[in-house]
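Enquirer: Below is the structure I would like to discuss, written out as C-alpha cells.
So this is what it looks like as C-alpha cells:
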C-alpha cells in the first residue's frame with residue numbers, strides 16, 4: 001500500500017499570519033484573526049463538522065469537504081491542543097485520532113463523535129508514525145500550530161501545503177513561514193481555486209527541500 | 001472625465017517579500033529574489049517592453065500586457081529610481097512619464113522609447129497630481145519600492161492592488177505589507193488568475209481604509 005500523504009492546510013492573512021497578536025488559551029485565534037476564517041464558517045461542510053445547521057454548498061464548501069474526507073489522523077502541537085481543549089465543543093471537530101505532541105504523559109482521551117486525543121512524549125517522528133498507522137490508509141494532517149508545522153517541514157515530512165489566503169491584514173501575530181527559507185521549503189504550485197472571500201492555493205513540496213524523503 | 005485609477009502591481013514571494021535581503025544599487029532585486037519574477041521574464045509582452053525577442057503568449061502574458069496598457073504614468077521612490085538608473089537599459093522599461101520622489105531637484109531626464117523621469121521634491125501628493133495630469137486619462141501606477149507604496153496606501157490614495165504571488169520563499173528581505181494593519185488597508189478580492197508559476201490576485205481597496213477618498 002502506498003503510504004498516505006502528509007499535508008498541512010491552514011488559513012492565513014494576506015500578510016502571512018495564521019493567528020493574531022493576542023493569542024492564548026482564552027483567545028485561541030488571537031484577537032481579530034477569526035476574520036481570516038470567515039470563508040470557512042460560511043460553508044455547510046464545516047458547520048456539519050461542528051454539528052451546526054446551515055451554510056452554503058459553494059466551491060469553498062467543496063474544498064472543506066475534501067480536506068475533512070482525506071484526513072485519517074491529525075498531529076497537533078501542545079499549545080494548539082491546550083487552546084482547543086477549552087474552546088472546542090465536547091464533540092471535538094476532528095472525528096478521527098489526534099496525536100498531541102507533549103512532554104507530559106497522559107492517558108488517551110476519547111471524545112463523543114469519534115475524536116480520540118493521544119498524547120505523544122517521544123517526539124515528532126513517533127507522533128507521525130502513530131498517525132500513519134492510525135489513518136487507515138488516509139492522509140495525515142499536521143494541524144498546527146505554526147511551530148509544529150515548521151518542525152515537520154524542516155524535518156522533510158510535509159508533502160503538500162494548502163494555504164487559504166484571506167484578503168485581510170492582521171498587522172501582527174504568528175507567521176506560518178517565519179524562519180524558513182528556500183532551502184527548507186521548495187514548492188510547486190499545483191492548484192488554485194478562488195472565491196470572493198479567499199484564494200485557496202495548493203502546493204506540492206519538492207523533494208529537494210525534503211532531506212528525509 | 002472620471003479620474004483615473006491609482007494602482008499598485010507587485011510580485012511577492014509566498015512569505016511576503018518583494019525584494020530579498022541583500023538589496024542595493026548593484027543588486028536591485030536583493031539576492032535570489034529574481035526567482036519571484038521568473039513568470040514575467042517568460043512572457044512575450046515583458047520581453048517586448050524591454051526590446052527583447054521571444055517569450056510566451058500565455059495567461060500570464062495577457063496580465064502583463066494589460067498592466068502596461070493601463071498605466072499612463074508612474075510614481076517611484078528615490079531608492080527604486082537609483083537602483084533602476086544603474087540597471088535599467090537605456091531604453092527604460094516604462095515608455096511613459098515617471099515621477100520620482102526625491103529631496104534633490106534635478107532637470108527632467110528623457111530617455112529613448114518614451115520614458116521621461118521627472119523629479120518631484122514637493123512630496124507624494126504633488127507627485128500623484130502630476131502623474132494624474134500626465135497620464136492622459138489612463139491609470140497611475142505606484143511602482144515602488146515598498147516604503148513608497150506604503151506611504152500612498154496610508155494616505156488613502158491607492159485604489160487597487162495586484163499581487164503576483166510566486167511559490168517561493170525568500171526567508172528575508174523587504175516585506176510589502178510590514179507595518180500596515182486592517183485599519184490601513186481593507187481589501188475586497190476581485191479577481192484571481194493562476195498559472196503554474198504564479199497566482200495573480202487583484203484587490204480593490206475599500207473606502208473605509210481610505211480616509212482621503
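Protein chains in written order, with this note's numbering: chain U, 1 to 213; chain Z, 1 to 213.
Every residue gets a Cβ at the ideal spot worked out from N, C-alpha and C, and that includes glycine.
Are the C-beta of residue 89 of chain Z and some C-beta of chain U separated by less than 7 Å?
Expert: Chain U contact via Cβ: absent.
Enquirer: Of all the residues that make up the stretch 178-205 of chain Z, which are near chain U by a beta-carbon distance shorter than 9 Å?
Expert: Result list: 178, 179, 180, 181, 182, 183, 184, 185, 186, 187, 188, 189, 190, 191, 192, 193, 194, 195, 196, 197, 198, 199, 201 and 203.
Enquirer: Are the beta-carbon atoms belonging to residue 177 of chain Z and residue 15 of chain U less than 7 Å from one another?
Expert: Closer than 7 Å, so yes.
Enquirer: Go to residue 148 of chain Z, then tell me how far its alpha helix (DSSP H) extends in each direction, as first and last residue.
Expert: Note, residue 148 of chain Z: alpha helix (DSSP H), 146-154.
Enquirer: With residue 137 of chain Z and residue 4 of chain Z assumed to form a contact (beta carbons below 8 Å), what rounded beta-carbon distance in angstroms separates them?
Expert: The pair is a contact, with the Cβ atoms about 6 Å apart (cut-off 8 Å).
Enquirer: Go through its chain and collect everything with a Cβ distance to residue 195 of chain U's Cβ below 7 Å, but skip five positions before and after it.
Expert: 39, 58, 59 and 60, listed in sequence order.
Enquirer: Examine the Cβ distances between the stretch 102-114 of chain U and the stretch 128-137 of chain U and report whether three or more of them are shorter than 8 Å.
Expert: Cβ pair count under 8 Å is below three, so no.
Enquirer: Measuring CA to CA, which of U/69, U/130 and U/126 is closest to residue 116 of chain U?
Expert: With distances taken between Cα atoms, residue 116 of chain U lies closest to U/130.
Enquirer: I want to verify the contact list: residues of chain U whose CB lies under 7 Å from the CB of residue 167 of chain Z, in sequence order.
Expert: The contacting residues are 187, 188, 189 and 203.
Enquirer: Compare the beta carbon distance of residue 173 of chain Z and residue 19 of chain Z with 7 Å and say whether it is the shorter of the two.
Expert: Cβ atoms of residue 173 of chain Z and residue 19 of chain Z: closer than 7 Å.
Enquirer: I need the boundaries of the beta strand (DSSP E) containing residue 70 of chain U, first residue and last residue.
Expert: No beta strand (DSSP E) holds residue 70 of chain U; the alpha helix (DSSP H) holding it covers 59-70.
Enquirer: Per the DSSP calculation, residue 123 of chain Z is bridged to which residue(s)?
Expert: Paired residue(s): none; residue 123 of chain Z is not in a bridge.
Enquirer: At which residues does the alpha helix (DSSP H) containing residue 49 of chain Z begin and terminate?
Expert: That run of the alpha helix (DSSP H) goes 44-49.
Enquirer: For a quick check, are the C-beta atoms of residue 8 of chain U and residue 142 of chain U less than 7 Å apart?
Expert: Contact: yes.
Enquirer: Quick check: does the Cβ of residue 176 of chain U come within less than 6 Å of any heavy atom belonging to the ligand SAM?
Expert: Within the structure as shown, the ligand SAM is missing, as the structure has no ligands at all.
Enquirer: For residue 109 of chain U and residue 118 of chain U, I'd like the C-alpha separation in whole angstroms.
Expert: Between residue 109 of chain U and residue 118 of chain U, the C-alpha separation is close to 7 Å.
Enquirer: State the Cα-Cα distance for the pair residue 125 of chain U and residue 151 of chain U, rounded to the nearest angstrom.
Expert: For residue 125 of chain U and residue 151 of chain U, the distance between alpha carbons rounds to 10 Å.
Enquirer: Using a Cβ cut-off of 7 Å (strictly closer), state whether residue 136 of chain Z contacts chain U.
Expert: Closer than 7 Å: no.
Enquirer: Given a threshold of 16 other Cβ atoms within 10 Å of its Cβ, counted over all protein chains shown, does residue 87 of chain Z qualify as buried or as exposed?
Expert: With fewer than 16 Cβ atoms within 10 Å of its Cβ, residue 87 of chain Z is classed as exposed.
Enquirer: Measuring only between beta-carbons, confirm whether residue 15 of chain U sits less than 7 Å from chain Z.
Expert: Yes, because at least one Cβ of chain Z sits closer than 7 Å to the Cβ of residue 15 of chain U.
Enquirer: Compare the C-alpha of residue 21 of chain U against each of U/169, U/153 and U/112 and name the closest.
Expert: The candidate whose alpha carbon is nearest that of residue 21 of chain U is U/169.
Enquirer: Tell me whether the beta-carbon of residue 12 of chain Z lies closer than 7 Å to the beta-carbon of residue 153 of chain Z.
Expert: No, these two residues do not count as a Cβ contact at 7 Å.
Enquirer: My output table needs one value for residue 198 of chain Z: the three-state DSSP class, helix, strand or coil.
Expert: Residue 198 of chain Z falls in the strand class under three-state DSSP.
Enquirer: How far does the alpha helix (DSSP H) with residue 98 of chain Z in it reach, from first residue to last?
Expert: Premise fails: residue 98 of chain Z lies in the beta strand (DSSP E), 97-101, not in any alpha helix (DSSP H).
Enquirer: Comparing the C-beta of residue 11 of chain U with each C-beta of chain Z, is any distance below 7 Å?
Expert: Residue 11 of chain U does not count as touching chain Z.
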